[in-house]
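Numbering (my numbering), first residue to last: 2 to 189. Glycine is no exception: its CB is placed at the ideal position from the N, C-alpha and C atoms.
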């Protein structure tokens with residue numbers, strides 16, 4: 002938040018309306034101004050272990066195979082797993098990321114280029130697929146069964162996905178950026 006919104010929030014936190022409780026969330030404690038933190042009770046929330054996440058999601062109707070995979074890929078984030086189960090388009094993008102990881106593992110630049118070419122007209126979908134590719138690659142570093150990437154290829158996939166998302170957000174040419182990404186992902 003900017004300085005003006007932080008100051009406004011600080012005033013409301015100092016003198017809250019009757020019967021009002023605020024629940025503030027942040028990606029890290031460091032992201033919250035010390036003056037605001039001093040007026041709050043802070044609780045660190047962490048993802049649960051992947052097995053517990055999978056069990057919880059299975060109990061809520063998520064397909065067991067998908068629950069186990071998603072729990073490992075998304076590091077025990079229950080909300081992400083449950084959201085994926087509800088969104089067929091989002092699951093399709095994750096499957097595209099899995100196919101992209103397989104192409105990278107097999108050093109099949111043509112298959113990678115074809116998959117990425119399908120995303121040229123939708124930057125948001127491309128960003129989702131690249132985020133999922135990075136998540137798959139990171140998970141493969143801990144559990145090789147999640148994704149077929151070697152450790153070196155996983156690191157390259159994470160770096161490439163991050164770089165491509167930045168370039169797409171900066172209005173880089175999607176065709177050029179994604180074509181180069183396919184070559185980078187599949188290089189020896």
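| Item | Value |
| --- | --- |
| Residue 175 burial status per 10 Å Cβ neighbour count (16 or more: buried) | buried |
| Residue range of the alpha helix (DSSP H) that includes residue 3 | Here residue 3 belongs to no alpha helix (DSSP H), and DSSP marks it neither H nor E. |
| Residue 71 burial status per 10 Å Cβ neighbour count (16 or more: buried) | buried |
| DSSP-derived helix/strand/coil call for residue 35 | helix |
| Cα-Cα separation, residue 54 to residue 94 | 21 Å |
| Helix, strand or coil at residue 122 according to DSSP, with G and I counted as helix | coil |
| Inter-residue spacing [alpha-carbon to alpha-carbon] between residue 99 and residue 4 | 42 Å |
| For residue 62, the first and last residue of its enclosing alpha helix (DSSP H) | Where residue 62 is concerned, there is no enclosing alpha helix (DSSP H), given that its DSSP letter is neither H nor E. |
| Beta-carbon spacing of residue 109, residue 187 below 8 Å | yes |
| Residue 178 versus residue 120 - alpha carbon distance | 11 Å |
| Sequence ranges, alpha helix (DSSP H) only - wholly within the segment 61 to 139, length at least 4 | 65 to 74, 79 to 87, 89 to 106 and 110 to 118 |
| C-beta contact flag for residue 162 and residue 131 at 8 Å | yes |
| Bounding residues of the alpha helix (DSSP H) (the contiguous stretch that carries residue 187) | 175 to 187 |
| Host alpha helix (DSSP H) of residue 161 (start-end) | 152 to 170 |
| Euclidean distance between Cα positions of residue 107 and residue 51 | 27 Å |
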